[in-house]
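Trainee: So the protein lines, in turn, are chains R and G.
The first sequence begins at 80 in our numbering and counts up one residue at a time.
The second sequence begins at 781 in our numbering and counts up one residue at a time.
We put the CB at the ideal spot given by N, CA and C, even for glycine.
Model, not experiment: these values are computed from the prediction.
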Amino acid sequence: MSDKDDKNGLEGPRRKFLKKAAAGALGVAALAGAEALSAKEAEARVTWGEWFQKNYRLMTEEEKKDAIERLEQRYTEEYDKRVAVDGTPPIEGVLFGYALNIQKCIGCRRCVYGCVKENNQSRYDAEIHWIRVIEMEKGNFAPEQIGEGSSKVGAFAGEAAGVTLEGEHYYEHDLVPKEGHFYFPIACMQCENPPCVKVCPARTTYRDPDGIVVIDYNWCIGCRMCVTACPYWARRFNWGEPNLPKDEMNPATHYLGNRPRMKGVVEKCTFCVQRTRKGRHPACVEACPVGARKFGNLLDPDSEVRQVIERKRVFRLKAELNTYPKFFYFID
Amino acid sequence: MKNLLKFSVDFWVHAFKGGTRLYIWLGILSFFILLMFYGTYLQLVNGMIVTNYNDQISWGMYEAQFIFLVGMAAAAVTVLFPAYVYHHAKLKEIAVLGEMVAITAVFMVLLFIMAHMGRPDRLWHMMPVVGIFNFPDALLTWDVIVINVYLLLNIVGAFYYLYKKYTGAEVNYKFYVPLVYFSIAWAISIHTVTAFLINTMPARPMWYHSIMPIKFITTAFAAGPAFIILSFLIIRKNTKLHIHDNAIATLAQIVTWSLGIAMFLSMSEVVTELYQITEHSFSLEYLILGHGNFSSLVIWYWASIVLMVSAFFILLFPRLRNNTSLWLPIACVFTFVGIWIDKGMGLVVPAFVPTPIGEFSEYTPSYIEIINSLGYWAAGLFLFTLLARGSIGVLLGEVSLKSESPAFSFLLRKAKVAGEAAHKSMPALLICLAAALWALPPGAYAADEETAQEPTECFESRDVYSTRQRVEIEPGVDNIKCSKATGGVLWFGDPFDGTEPMGEMPVEGAYSHEEAVVKPRTKQLKWFMPCTSCHNGQTVPYPKDKKPRLLMMHQDIVENSMDLQHGRQAIWCLDCHNPRNRDTLIDNLGEEISFNQPQRLCGKCHGQIYGDWRAGVHGKRIGNWAKGDKKRWWVCTECHNPHMVQVKRFQPIKPEPVPEYPRTRTKADYEELHK
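1) Assuming G/H971 is part of the alpha helix (DSSP H), what are its boundary residues?
2) Measuring CA to CA, which of G/A1168, G/V789, G/N1421 and G/P1134 is closest to G/F1472?
3) Any Cβ of chain G within less than 8 Å of the Cβ of R/G176?
4) From which residue to which residue does the beta strand (DSSP E) around R/T332 run?
5) Counting pairs of Cβ atoms below 8 Å between the stretch 262 to 274 of chain R and the stretch 344 to 351 of chain R, do you hit three or more?
6) Which residues in the same chain have their Cβ closer than 8 Å to the Cβ of G/T1036, if we skip the five residues on either side of it in sequence?
7) Using a Cβ-Cβ distance under 8 Å, would G/V1269 count as near chain R?
8) So with CB distances below 9 Å, who are the chain R contacts of G/R899?
9) Give the secondary structure of G/G1004 by DSSP, where H, G and I count as helix, E and B as strand, and everything else as coil.
10) Going by the beta-carbon positions, is the gap between R/D295 and R/L174 smaller than 8 Å?
11) In angstroms, rounded to a whole number, what distance separates the CA positions of G/W1080 and G/S1263?
12) Using a Cβ-Cβ cutoff of less than 8 Å, which residues in the same chain neighbour G/I1150 once the five nearest sequence positions on both sides are dropped?
13) Of all the options R/E151, R/Q386 and R/W298, which has the alpha carbon lying nearest to the alpha carbon of R/T332?
14) Just list the residues that DSSP pairs R/V345 with in beta bridges.
15) Are any of the Cβ atoms in chain R nearer than 8 Å to that of G/D1409?
16) Taking G/V857 and G/I964 to be in contact with their CB atoms under 8 Å, please state how far apart those CB atoms are, rounded to whole angstroms.
17) Can you pull the chain R residues whose beta carbon is under 7 Å from the beta carbon of G/M986, in chain order?
18) If distances are taken between C-alpha atoms only, which option among G/W1414, G/E1240, G/C1382 and G/T974 comes closest to G/A1456?
19) If you check the beta carbons only, do G/A983 and R/A281 fall under 8 Å apart?
20) Hey, is G/R902's beta-carbon within less than 8 Å of any beta-carbon in chain R?
21) State the CB to CB distance for the pair G/E1284 and G/K1410, rounded to an integer number of angstroms; the pair is presumed to be in contact (CB under 8 Å).
22) Quick one: residues in its chain with C-beta nearer than 6 Å to the C-beta of G/G1173, no 5 flanking neighbours on either side, listed in chain order?
23) Comparing alpha-carbon positions, which option in G/S1090, G/F846 and G/I813 lies nearest G/I723?
24) Determine the direct distance from the alpha carbon of G/S1038 to that of G/F1001, and round the result to whole angstroms.
25) Who pairs with G/I1346 in a beta bridge, going by DSSP?
26) Between which two residues does the beta strand (DSSP E) carrying R/E216 extend?
27) Going residue by residue through the stretch 871 to 932 of chain G, where are the continuous beta strand (DSSP E) segments of at least 3 residues, counting only ones entirely within it?
28) Can you list the residues of chain R that G/A975 reaches, using a CB-CB cut of under 8 Å?
29) Per the DSSP calculation, G/I1402 is bridged to which residue(s)?
30) Below 7 Å CB to CB, which residues in the same chain sit around G/V1117 once its five sequence neighbours on both sides are set aside?
31) Can you tell me whether DSSP reads G/E1280 as helix, strand or coil?
32) Measuring straight from C-alpha to C-alpha, what distance separates G/E1230 and R/G370?
33) Against chain G, which members of the stretch 349 to 372 of chain R pass a CB distance test of less than 8 Å?
34) Tell me whether G/V1427 sits in a helix, a strand or coil according to DSSP, three-state version.
35) Just to confirm my understanding: we take R/G319, look at its own chain, exclude 5 residues before and 5 after, and list those with CB closer than 6 Å. What are they?
36) Report the rounded CA-to-CA distance for G/I804 versus G/I883, giving the unit in angstroms.
Next up, the structure:
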């Protein structure tokens, strides 16, 4: 046991934690003989602890620390590397906002996979992508097609006329941007008035003061009300056990952000809460090769995102639904 | 107390007593229940991946049954209401059977809800007191309240009545009638709230209309009594309980008018949505007509329409409606099945097609979903059979306090013995429990490691002519991670790696660049060879003026120097490059500018873009987001090639791989839709 500790460089929290377990909060330890404390028992203690922990928002500082320690221990064992779970609270005076230049976006999907790498999503199989890049056709006008295609006039109750559909994110081109197309990435809009939060029966998902809508994965009951209520198709459900290879796991995690999820819970973009609450840009901003993505504090008039709102024409997706997204689209 | 115990034993003993036909029936149901145990086990262990649910269509079979069955539960009202409000004597006699339908339906609702949940083990999280009950915000919590209270009301109502009958005492109508009235009102609420649960989501336009609650109630009041009529007909045939034709006729009338109104409402919906097709109508259109090659629901929709319309016309004629041996059962089956489709899969699934971003896909339930759903229905019918048989025994007087009960006295004796045994075996049980916990599976994380490391050519910026920066990735260094598919940088460990301060930027305006760092391009110059090693005035003499002339060198940068395409021949090399010190740039005022700060030169002409860039609107920055915090700025020439800009524009690049298709959709579907 101690060998393993040393190998992982886990003297501190884990040792303390094991002592606590040995103190025998559970009858399980007593049954097996208190001295010979095996990994399995420690694990059982973690499982029990996770099972009965409170909703993250209602935990005391002490309980938060406990929960985080438990997770660090479990993840460290599961992924064979030192995993840090962070619990940094929202920074005061900060309201995060995002801006995206749809004129610049070339549809290369770097943001999508940068996000997957950073945020420990399930991959290769039962893939989860928080960002989807939708390919849109540039407008055109063909007089000879009037009455045949999208500019049909007249009415037949049973056929769509004059409406473009099929947001396409399965495009497979050798090269992007494709002639005659533009690209429109979507992810969680971090609404000020989020429908997903309202419908959650257990207050698992909530809006933090910095504007990020977060999820306590350990509290989620998997009812998918939020998935259904989200008008931006931003929420993803872990249908099975997520597939996260050990060597690809990002060990710098946040409790409400990119820590590995379990099956049966909902997840979504958190503006990389593990980075942004420590001052860093989200991973998608850093991955974007054309600088189409801008991020910053909406309360700071000099922030990049405020400058975008000031200088450019911005719009928000489905603003008519009164969700007040904090994700702005703009063009030069 | 003892009477109550005897009642419960007698009730269930009587329920299980029956002929071969009963046992065959229960045996068939048990078979489906056993299958369901297996299916449910698989779903619990593997997660909902055993279903055909997906990111696009995240509700399906289970939710469809849930919504339909809430309606069935509410439909007990169709028996109670005429019985107690209009004092329909014949229905009053058997009203308790209606309550049994309600109890059964709610039981099934609860089963389907458990199947719907991704983490049924965490159900307690949404319970009041122990968990967090998001009341009144979340309509699901309203649904939890109304459904559970309704279950309680019906259990109390039904068994109070039966118990009184059992003991032979008078029913206390001062207690019972208000209870019934209350549960009638409550029944309306359960279906209304369930409608509100789904029609309050602007994200799902197909559900987002105010006709939903009333349509729910009318369809419930058609399908529910249709089921009750069928069960009454079966009961009448197989037991001694006399159910008067009058009672059945009343229910048949309720079915007729509810079905008529429901169809009228459906028609209103269809006309409103499809007359002027908008974005709001696509789901309904998909349901009714299909979309391209996605049309699995179309046949179901039309089947449901045919069933409901024919049922309505059969029921319209009193002669057919009162024919309890042929036409009425047919009409009831048609109604039940028609509404089961209309309000089940026909309501739930199309709301998810297309998704809120307009993606079409299709869903058909998996085998696990089907065996589970069949099993939950079988469990419901099993329960209903027993409840109905027990109730009939009481109503007929076959089960009463006065009758002998060998089973009860037997159990009373055994209970004593069992109690002692349980007391003794407690430690053993505890050990078993502990052992089970001890052996909890740690969660198998399959690591499908793709070890095949391709030689990665990694570049930071967009792949353009001027600024291709290759970064070798050393193994074990978590600095930059590149895509195996394209070589593009996906992830920066240290965004400031290899950077140095950008330097002074003496310009007006409120912006901060104190902590701005750049990848030094001056250093890059020196890697090759400083320009001044040739352009030193001796090897290559300093040019006399800035007039364009034919160059024999640097044709890799500009093929024909007389045709330099930056500003369409208006400017030439020496307008930007410092003739006296080629390691620097020069602006129109003769000020020397470092290659690290090309913006100071470019901005002289491209003022507006320069302004945007300074403010952080144009161009890329990584690092920290806060104002004045350390950021790595990309300068002009890291993305743009200043030479031949009119010719060598941005080149298209290779995109990262396509996302996984939903399980129920293939690439062929995609191609079909995009012909």
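Mentor: Taking the structure as given:
1) In the DSSP assignment, G/H971 falls within the alpha helix (DSSP H) that extends over Y953 to N979.
2) Here chain G has residues from 781 to 1455 only, and residue 1472 of chain G is not among them.
3) No - not a single Cβ of chain G is within 8 Å of the one on R/G176.
4) A331 to H333
5) In short, these stretches touch, since the Cβ pair count reaches three.
6) F1092, L1095, L1096 and R1101
7) yes
8) C299, I300, G301, C302, M341, K342, G343 and V344
9) helix
10) No; because the gap between Cβ atoms is not below 8 Å, this pair is not in contact.
11) 46 Å
12) M841
13) R/E151
14) R/V345 is bridged to R/F316.
15) In terms of beta-carbon proximity, G/D1409 lines the interface with chain R, with at least one pair separated by less than 8 Å.
16) 5 Å
17) Close partners of G/M986 in chain R (Cβ separation under 7 Å) are lacking, with about 12 Å as the shortest Cβ gap.
18) Shown here, chain G extends from 781 to 1455; a query on residue 1456 of chain G therefore has no answer.
19) no
20) yes
21) Rounded, the Cβ-Cβ distance is 17 Å, inconsistent with contact.
22) H794 and V1179
23) Residue numbering for chain G in the displayed model covers 781 to 1455; residue 723 of chain G lies beyond these limits and cannot be assessed.
24) 6 Å
25) Before going further, note that residue 1346 of chain G is His rather than Ile in the sequence given. For G/H1346, which the question treats as bridged, DSSP gives no partner whatsoever.
26) R211 to E216
27) none
28) The contacting residues do not exist; G/A975 stays about 14 Å from chain R at best.
29) Note: G/I1402 sits in a beta bridge opposite G/R1412.
30) Once the five neighbours on either side are set aside, the close Cβ partners of G/V1117 are L1087.
31) It is a strand residue.
32) Low confidence applies here, because G/E1230 scores a pLDDT of 40, under 50, leaving its location unreliable; read the following figure in that light. Going from the Cα of G/E1230 to the Cα of R/G370 covers about 30 Å.
33) Cβ proximity to chain G below 8 Å picks out T355, G358, R359, H360, A362, V364, E365, A366, C367, P368, V369 and G370 from the stretch 349 to 372 of chain R.
34) coil
35) If we look at R/G319 and ignore the five residues flanking it on each side, its Cβ neighbours are A205 and K342.
36) Using only the alpha carbons, I get a separation of about 24 Å.
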